[in-house]
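Remarks on the structure that follows.
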Amino acid sequence: MLSFLRGYPSPLERQDNETNRALHLARRFARSVSLHHSQRLSVIGHWTTLHRRHKTIPARNCASRRRQISRTRRQHAGQEQTLSSSIRALQADIASLERSAMLRDSATLLWRTNCSSVALDLTREYYLQFQHGYNSRDRDRCAVIDQYMTSVFSPDIVCRDFQGMQAFMDQWEKYTTFHQGLEIKLQAMRIVDSDDDPLCIVTVHANAEMTVTFTEDTVKTLYPALFDRSLHNPQDCGIVDKLVGSRGSIPVELVLNFDEQGRVFAFESRVDLVATLLNVLRNPSDAIHVHQSSSMTADGHWQLEQNSEELARRERMLPRQLLVHTRTY
1 MLSFLRGYPS
11 PLERQDNETN
21 RALHLARRFA
31 RSVSLHHSQR
41 LSVIGHWTTL
51 HRRHKTIPAR
61 NCASRRRQIS
71 RTRRQHAGQE
81 QTLSSSIRAL
91 QADIASLERS
101 AMLRDSATLL
111 WRTNCSSVAL
121 DLTREYYLQF
131 QHGYNSRDRD
141 RCAVIDQYMT
151 SVFSPDIVCR
161 DFQGMQAFMD
171 QWEKYTTFHQ
181 GLEIKLQAMR
191 IVDSDDDPLC
201 IVTVHANAEM
211 TVTFTEDTVK
221 TLYPALFDRS
231 LHNPQDCGIV
241 DKLVGSRGSI
251 PVELVLNFDE
261 QGRVFAFESR
271 VDLVATLLNV
281 LRNPSDAIHV
291 HQSSSMTADG
301 HWQLEQNSEE
311 LARRERMLPR
321 QLLVHTRTY
């Protein structure tokens with residue numbers, strides 16, 4: 001699987017066209033250089049014959065003429081060597097491009113032949129990579145995760161709340177740094193029928209459980225209104241005291257949409273914060289009270305400034321949504 005990831009093809013079809021154009025241009029240039037080389041040799045031979053026939057090489061004596069002829073031949077030999085080196089370099093570049101194209105075509109063929117099983121393997125690998133979250137301070141670990149994400153996810157990954165790889169990783173970092181001891185484990189996954197959606201080749205629905213320890217930073221960032229009230233409200237202060245230091249499990253649903261190149265280009269998610277708060281606080285009214293002060297969306301993302309036009313644009317980019325009808329607000 002790791003070798004498959006390292007050799008993964010580019011997500012955009014236009015890169016195939018660019019490679020084909022590069023090969024075509026390289027062959028044309030190589031043919032041009034070869035033709036120029038042949039013509040150059042013909043001209044050299046022609047002028048050498050003329051010089052010998054008409055004795056046009058200016059020289060005062062035979063020794064000077066021999067030196068001039070020798071110098072001219074060395075110049076011609078150097079030019080021939082330069083042209084030959086250029087041709088060999090072009091031929092090597094063409095061979096390299098052809099090998100890259102063959103590798104890419106092989107990886108694409110592997111994906112199209114086994115897309116369902118490959119998508120499940122990549123989804124399983126996703127949860128293994130993020131088993132303990134994402135913290136940019138751990139550079140070695142982040143380098144491995146970044147390599148996986150670059151191989152499997154589109155740089156323009158999109159969901160309802162945001163778009164782009166950086167925003168995606170920022171969400172993971174907030175989960176990791178604003179909680180303690182984050183662990184996420186895959187529980188179940190399945191292939192969802194996406195035949196009626198032209199954007200998707202494979203859709204994977206996964207259920208997981210994220211376990212975290214709530215801290216004061218969690219309350220400050222995830223429930224800012226509750227934290228502010230707790231500074232002067234004894235009831236809210238008691239809720240915060242009960243919440244901080246508690247460990248809770250958050251059910252997480254995730255839908256990954258794979259395109260024809262085998263990359264995740266869109267996703268949707270949902271977390272059940274109410275159930276988690278109910279298990280921690282053991283009081284339905286307190287759980288609802290805390291949830292109402294949450295700064296997270298129903299998809300489980302930290303809320304970002306939303307522009308109505310951008311939101312509409314992202315909605316148009318998304319494939320058929322599976323969790324939209326069961327979202328909780």
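For what it's worth, the UniProt record's numbering labels the leading residue of the sequence shown as 1, then goes sequentially.
Ideal Cβ positions, reconstructed from N, Cα and C, are used throughout, including at glycine.
Keep in mind that this is a model prediction, so the values were computed, not measured.
query, result
"Residues in its own chain within less than 8 Å of proline 319 by CB, not counting five upstream and five downstream?", "Ser194, Asp197, Leu199, Cys200, Thr203, Asn257, Ala266"
"Between isoleucine 69 and serine 151, what straight-line distance do the alpha-carbon atoms span, to the nearest angstrom?", "60 Å"
"Around the Cβ of isoleucine 239, are there at least 16 other Cβ atoms within 10 angstroms (buried) or fewer (exposed)?", "buried"
"In the structure shown, what three-state DSSP assignment does proline 155 receive?", "strand"
"Mapping DSSP to helix, strand and coil, what is isoleucine 201?", "coil"
"Please report how far the alpha carbon of residue 354 lies from the alpha carbon of threonine 213, in whole angstroms.", "Summary: the structure shown does not reach residue 354, with the chain confined to residues 1 through 329, and so no result is reported for it."
"Beta-carbon separation of glutamate 216 and valine 255 under 8 Å?", "no"
"On the premise that leucine 222 lies in contact with serine 295, defined as a C-beta separation below 8 Å, what is that separation, rounded to the nearest angstrom?", "6 Å"
"For the candidate residues Thr176, Thr211, Met149, whose alpha-carbon lies nearest to that of glycine 164?", "Met149"
"Would you tell me roughly how many angstroms separate the C-alpha atoms of valine 144 and proline 284, rounded to the nearest one?", "41 Å"
"Helix, strand or coil, according to DSSP, for serine 10 in the structure here?", "Unreliable positioning characterises serine 10 in this predicted model, as indicated by a pLDDT of 43, which lies under 50. A coordinate reading is not provided."
"Using a Cβ-Cβ cut-off of 6 Å (strictly less than) and excluding sequence neighbours within five positions of arginine 168, which residues of its own chain qualify?", "One point to set straight first is that residue 168 is phenylalanine, not arginine, in the sequence displayed. Taken in chain order, the residues that qualify are Ile157."
"By the 10 Å Cβ neighbour count, where 16 or more other Cβ atoms means buried, how is serine 85 classified, buried or exposed?", "exposed"
"Using 8 Å as the threshold, is the C-beta distance between glutamine 171 and histidine 301 below it?", "yes"
"Please go through the same chain and pick out, in chain order, the residues whose beta-carbon is closer than 6 Å to the beta-carbon of leucine 122, but skip the five residues on each side of it.", "Val152"
"Enumerate in chain order the residues of its own chain whose CB-to-CB distance from tyrosine 175 is below 7 Å, with the five nearest sequence positions on each side excluded.", "Gly133, Leu182"
"Thinking C-beta only, is glycine 248 closer than 8 Å to threonine 276?", "yes"
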